[in-house]
Structures are given as structure tokens and as C-alpha cells.
Amino acid sequence: MSSNNLITLHRWLLSDTHKNMENKLEMANLFSGIALACKITNNAIKRAGFESNFGLAGITNVHSEDVKKLDVIANDAFKMALKSTREVFCMVSEEEDSIIPVSQSQAGNYVVAFDPLDGSSNLDCNVSVGSIFSIWSKVSKDGHNYSNEDVLRKGRDMTAAGYALYGSATMLVLTFGQGVYGFTLDNHIGEFVLTHVEMRIRTKGSIYSINEGNSIYWDKGTQEYVKAIKSGADGRAPYSSRYIGSMVSDIHRTLLYGGIFMYPGDTKSPNGKLRYLYEVAPLSFIMEQAAGKATNGSSPCLDMVPKSIHERVPVFMGSPACIEELLTYQKKF
Ligand code: AHG
Ligand code: MN
Ligand code: MN
Ligand code: MN
Numbered sequence: 133m134s135s136n137n138l139i140t141l142h143r144w145l146l147s148d149t150h151k152n153m154e155n156k157l158e159m160a161n162l163f164s165g166i167a168l169a170c171k172i173t174n175n176a177i178k179r180a181g182f183e184s185n186f187g188l189a190g191i192t193n194v195h196s197e198d199v200k201k202l203d204v205i206a207n208d209a210f211k212m213a214l215k216s217t218r219e220v221f222c223m224v225s226e227e228e229d230s231i232i233p234v235s236q237s238q239a240g241n242y243v244v245a246f247d248p249l250d251g252s253s254n255l256d257c258n259v260s261v262g263s264i265f266s267i268w269s270k271v272s273k274d275g276h277n278y279s280n281e282d283v284l285r286k287g288r289d290m291t292a293a294g295y296a297l298y299g300s301a302t303m304l305v306l307t308f309g310q311g312v313y314g315f316t317l318d319n320h321i322g323e324f325v326l327t328h329v330e331m332r333i334r335t336k337g338s339i340y341s342i343n344e345g346n347s348i349y350w351d352k353g354t355q356e357y358v359k360a361i362k363s364g365a366d367g368r369a370p371y372s373s374r375y376i377g378s379m380v381s382d383i384h385r386t387l388l389y390g391g392i393f394m395y396p397g398d399t400k401s402p403n404g405k406l407r408y409l410y411e412v413a414p415l416s417f418i419m420e421q422a423a424g425k426a427t428n429g430s431s432p433c434l435d436m437v438p439k440s441i442h443e444r445v446p447v448f449m450g451s452p453a454c455i456e457e458l459l460t461y462q463k464k465f
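Numbering (our numbering), first residue to last: 133 to 465.
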């Protein structure tokens, strides 16, 4: 990308590329808040060693997880940056028990659900982590009194979704339902610059990504599928295994290299671990927009409507051929 046609996130959002994107100005403003929150989070992660921000915050969240100091910093950054855009009606965060209100004077038209810091267990060992967000238009006609129908939303009704990956490079990957675009943070100018246009996953892949430590608890369909892709049977080379433990990192690699990511339900946790509104739904939207598939083991993740804001769902997403094969095992066993 030569410097004479540097396309920053803002320029891209306001450009005439998206002829039929209504509410362009609102989206550009909302994404200025998201980009700010990601830059603040990225900076906090990079400086954690100097500022003693590794380790635990000394609280547990609604998921009974030990909250990291950087979880709190990222959560505060997202709440502040989103509220100040005046485009947000209410919010849901992994780190907050209930819906986050926005004052009447600041309330806008969009509902944002976010995982401020995904993969927190990897922070202290300097392995890539991310942030994830999903955006819906509000449903309530009221000025600022939200209701459950504003936040318990079907993934397929999303206006936009995306993730930040704080990795070897810091990226923002997003979709408005018209393809997937990736922006890389240029630290020299402090801008996210367009580097990946219309990202698409390959139809087939031979990398599988799952926490095998849970294998004795998996359902039979998952057990038999993983056994098959490792067996080398029918002359097919065994798949490679890659599991980072940050969903954003595992999904970003799956998007770029193909294959399948799995977090199934099991006998310990029948609905798996990953939360619908701010992990499964936004990453399923990205995956489908990149010509991939995302299923809960029987139907597309995007067709689900959660009954609670922190509802967990089983998830299998990646190359269409891998998902199709997985589903045959789920049906058979
Ligand atoms: P978070 O750090 O936001 O709580 O999410 C962690 C999630 C997800 O990023 C990852 O795929 C999964 O936890 C890993 O879980 P296991 O350690 O059970 O494999
Ligand atoms: Mn967590
Ligand atoms: Mn997460
Ligand atoms: Mn998190």
C-alpha cells in the first residue's frame, strides 16, 4: 500500500465505496469510538510491563472468571469511547453483569455488545489477544429506556461487526454485510490503514483448532470428527492442530489459512464456553461474510436469538467443506 493512496479507516468509511450504506456518518462516528477504544487497549497491553498492569484485578466477573487488570482497562476504554460518540443507545459487555445504560443526553441509535479483551488468559505471557464487537440498530422507540428486545438480538440482524487483534501487528477487521475488510494500525501516524480488501476464507482447509484437553467431555459427533481428520484415513493427510486460546487469534488464522475452529458443548458445559452476543455472533457474521460457515452443530449461529445477554453457545466455524463434513458427523452420532 504506497503512501500516495493511503486509505485510512475514516476515509474508507466516508468514501463513496459504500453507495447503499445508509447512516454512513453515524457509522463513521461510531467506528471512531471503536478505533479509539482499540488504540487505548493496544497501548495498555504494550505498556503493561512498564505500568504493572499484568495480573489480576482482584475481582471476579459474572462468568466467575478472575478479571485481569487489562480486562478492566479495556472495558473502561470501550464504555468511555462508545458513549462519547453519542451514537450508542445501550451496551452489553462481557465484563458487566447487566445492560449498560447511556444517559438521555448522550443516547444514540445503536446497540453495541463487546468483549473488551478476548483471550485474557494469554495476556501475562504476551500471546496475541483481541477485542470483539457487534452492532445492531436499536428497537425501542423510546429516547433512552432500553428493553431486552434491544439487546437479545439475532446475529443475522446485525448492522456491523468486527474484531481487533493485538498481535505482531494490530489489526481491525470488520464487516457491514458487504464483505470483510482489514485495517492495520500504522503507529507512525496513529491510523488504521486499509490492508486487506474483501477477505475470503478458502473453501477447504486442513488446520483444526480445538482445546483437546476437553476431548473426554465432547459429544460423540465431535469426537468421531476429530478422530477422522487426525487419522490419515482415505489417503487424506492428517490435519495440523493449532490452538492459541484467544478466539480472535484462532479465528483470524482460520480466516487467512482455512480450516475449522471448534468450541463444542460438552458434558461439563452443555452450551460450551463462548458467549453469543459478543463472541460467537460477531465472529460468525465475519466468517459468513468471508464465504465461511458458522454453526452451533445443527443450525447457523446467526439464526439464533439468545435468551440472556451472557448466553453461551457451542460453535464450529471455518471453511465450508470442513463445516459440511463436521455436520455429517454431528448428524450421524
Ligand atoms: P475471554 O478472555 O474474553 O474470557 O475469552 C476467552 C475465550 C476465547 O478467547 C477462547 O477461545 C476460549 O476462551 C479458550 O477457552 P479454553 O481455555 O477453555 O480453551
Ligand atoms: Mn473473560
Ligand atoms: Mn472472549
Ligand atoms: Mn474477554
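Glycine included, every Cβ here is placed at the ideal spot set by N, Cα and C.
Coil, strand or helix - Leu406 by DSSP
DSSP places Leu406 in coil when its eight states are reduced to three.
Between Leu284 and Leu304, is the Cβ-Cβ spacing less than 9 Å?
no
What does His328 pair with, by DSSP beta-bridge criteria?
Gly314
So what does DSSP say about Lys178, is it helix, strand or coil?
helix
Taking 8 Å as the line, does the beta carbon of Pro414 fall inside it for any heavy atom of ligand 4?
no
Taking Gln238 as the reference, which of Lys286, Ala206, Val244 and Gly275 has the closest Cα?
Gly275
Buried or exposed: which applies to Cys433, given that a residue is buried once 16 or more other Cβ atoms fall within 10 Å of its Cβ?
In summary, Cys433 is buried, with 16 or more beta-carbon neighbours lying within 10 Å of its beta-carbon over all protein chains present.
Flag Asp166 as yes when its Cβ comes closer than 8 Å to any non-hydrogen atom of ligand 3, and as no otherwise.
Just to set this straight, residue 166 is Ile in the shown sequence, not Asp. No, since every heavy atom of ligand 3 falls outside the 8 Å radius drawn around the Cβ of Ile166.
Once the 5 residues before and after Arg334 are set aside, which same chain residues still bring their CB inside 7 Å of it?
Gly390 and Ser451
Should Thr386 and Ile342 be called a contact, given that it needs their Cβ atoms to be closer than 9 Å?
no
Under the criterion of a Cβ to heavy atom distance below 8 Å, does Pro452 qualify as lining ligand 4?
Pro452: no, Cβ never under 8 Å from ligand 4.
Between Asp203 and ligand 2, is there a pair consisting of the residue's CB and a ligand heavy atom that are separated by less than 8 Å?
yes
Residue from Leu249, Ala169, Gly337 and Arg218 whose Cα sits closest to the Cα of Val243
Arg218
Can you say whether Arg332 is buried or exposed, counting buried as having 16 or more other CB atoms within 10 angstroms of its CB?
exposed
What is the DSSP secondary structure of Gly345, reduced to helix, strand or coil?
helix
Do you know offhand how far Tyr349's Cα is from Pro396's?
10 Å
May I ask whether a heavy atom of ligand 3 can be found less than 8 Å away from the beta carbon of Glu226?
yes
Quick one: Cα of Ile392 to Cα of Asp382, how far?
9 Å
Skipping 5 residues on each side, what residues in its chain have a beta carbon closer than 6 Å to that of Met419?
Ala426 and Met449
Opening and closing residue of the beta strand (DSSP E) in which Leu304 lies:
Note, Leu304: beta strand (DSSP E), Thr302 to Thr307.
Straight-line Cα distance separating Phe308 from Phe186:
34 Å
Kindly indicate which three-state DSSP category Ser252 falls into: helix, strand or coil?
helix
Tell me whether Ser252, by its Cβ, gets closer than 8 Å to a heavy atom of ligand 2.
yes
What's the gap between the Cα of Met133 and the Cα of Asn175?
Confidence in Met133 is poor, its pLDDT being 48 and thus under 50, which makes the residue's placement unreliable; the coordinate value appears in the next sentence. Computed Cα separation, rounded: 24 Å.
Could you check the C-alpha separation between Asp366 and Glu457 for me, to the nearest Å?
Approximately 14 Å, taken between the alpha carbons.
Does the Cβ of Leu249 lie closer than 8 Å to at least one heavy atom of ligand 4?
Placement of the Cβ of Leu249 at a distance of less than 8 Å from at least one heavy atom of ligand 4 is found.
Is it right to say Arg407 is buried, meaning 16 or more other beta carbons lie within 10 angstroms of its own, or is it exposed?
It counts as buried.
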